[in-house]
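Below is one structure, written out as structure tokens; comments come after it.
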């Protein structure tokens, strides 16, 4: 009876994984199809990958995606690390309340975050542009010689970068926080007693202890930025386009095999990042276990 249950559970697990990954497997297979069909196999070819790398719009969207993801990851990792240290130094009640606020963007729907940030940017830029227009009108009426140029603001790469930093910071805080709680509080006091300043203790004591959490947070932030579509769609404006937005526009016209090639590369990159992160965490856990014994 137990053996039958074990076999049944394994079959059920296999069916679940087949349901989850069969579409991805078919997409990867047909990305190497010589024809332009997603149903009929006409032989192995790298034609669509060649077409992909020769498409200027796709390459520009890849460059934009990587640039905004790297910048957002670096800035969010630095800001989130210092925010986590600040939370760590607070009392339990204040830290609990702020952690609740920190968790809201992660549990909130992406479309709510995207729309709210879009409305914020529209309101701020509208106020700024109206102020700049009134300022120029006043100078023209009174003929003032000294003029300050106020540029017209609009949504673009900068607003999308701010949006990515905004939703990445909570993930970094959530990754760094547990490492801080595992650290012995007396280490910082001991370093300061031996003559270290607070910043010296941070770089020589705290930073090495929380380094695994920082790396995990940075990897999660980079993955979230590369994968994001909804928030970028609402905050990018008309001047820039990420890879996810470009794939969406291509899919609306027709399903091109280039989409299979792009999606395959994205899947491989994200899978590689997850494997690297899991291997690194497992090695860190084994090293910690060895130090304990």
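In the numbering used here, the protein residues as written are 2 to 294.
Every residue, glycine too, gets a C-beta built ideally from N, C-alpha and C.
Neighbour-count burial assignment, residue i, 16 or more Cβ in a 10 Å radius
{"i": "residue 22", "result": "exposed"}
{"i": "residue 260", "result": "buried"}
{"i": "residue 41", "result": "exposed"}
{"i": "residue 92", "result": "exposed"}
{"i": "residue 282", "result": "exposed"}
{"i": "residue 120", "result": "exposed"}
{"i": "residue 108", "result": "exposed"}
{"i": "residue 131", "result": "exposed"}
{"i": "residue 245", "result": "buried"}
{"i": "residue 295", "result": "Outside the displayed span of the chain (2 to 294) sits residue 295, for which this structure offers no information."}
{"i": "residue 63", "result": "buried"}
{"i": "residue 110", "result": "exposed"}
{"i": "residue 205", "result": "exposed"}
{"i": "residue 73", "result": "buried"}
{"i": "residue 17", "result": "exposed"}
{"i": "residue 49", "result": "buried"}
{"i": "residue 223", "result": "buried"}
{"i": "residue 196", "result": "exposed"}
{"i": "residue 258", "result": "buried"}
{"i": "residue 240", "result": "exposed"}
{"i": "residue 32", "result": "buried"}
{"i": "residue 200", "result": "exposed"}
{"i": "residue 127", "result": "exposed"}
{"i": "residue 187", "result": "exposed"}
{"i": "residue 95", "result": "exposed"}
{"i": "residue 34", "result": "buried"}
{"i": "residue 279", "result": "exposed"}
{"i": "residue 90", "result": "exposed"}
{"i": "residue 122", "result": "buried"}
Three-way DSSP call (helix, strand, coil) for residue i in this model
{"i": "residue 110", "result": "coil"}
{"i": "residue 77", "result": "helix"}
{"i": "residue 97", "result": "helix"}
{"i": "residue 179", "result": "helix"}
{"i": "residue 117", "result": "helix"}
{"i": "residue 61", "result": "helix"}
{"i": "residue 239", "result": "coil"}
{"i": "residue 90", "result": "coil"}
{"i": "residue 154", "result": "coil"}
{"i": "residue 226", "result": "helix"}
{"i": "residue 198", "result": "coil"}
{"i": "residue 1", "result": "Any property of residue 1 remains undetermined from this structure, which presents the chain solely from 2 to 294."}
{"i": "residue 190", "result": "helix"}
{"i": "residue 184", "result": "coil"}
{"i": "residue 253", "result": "helix"}
Closer than 8 Å to chain C by CB, residue i
{"i": "residue 171", "result": "No chain C is present in this structure, which holds just one protein chain."}
- What residue ranges within the region 10-51 form continuous beta strand (DSSP E) runs of no fewer than 3 residues, ordered along the chain? Complete beta strand (DSSP E) runs here, min 3: none at all.
- Counting pairs of beta carbons, one from the region 226-243 and one from the region 35-50, are three or more of them closer than 8 Å? Because the criterion of three Cβ pairs below 8 Å is not met, the region 226-243 and the region 35-50 do not touch.
- Counting pairs of Cβ atoms below 8 Å between the region 270-287 and the region 98-105, do you hit three or more? No, they do not touch.
- Cβ contact (3+ pairs, closer than 8 Å) linking the region 172-181 and the region 210-217: Touching, per the Cβ criterion.
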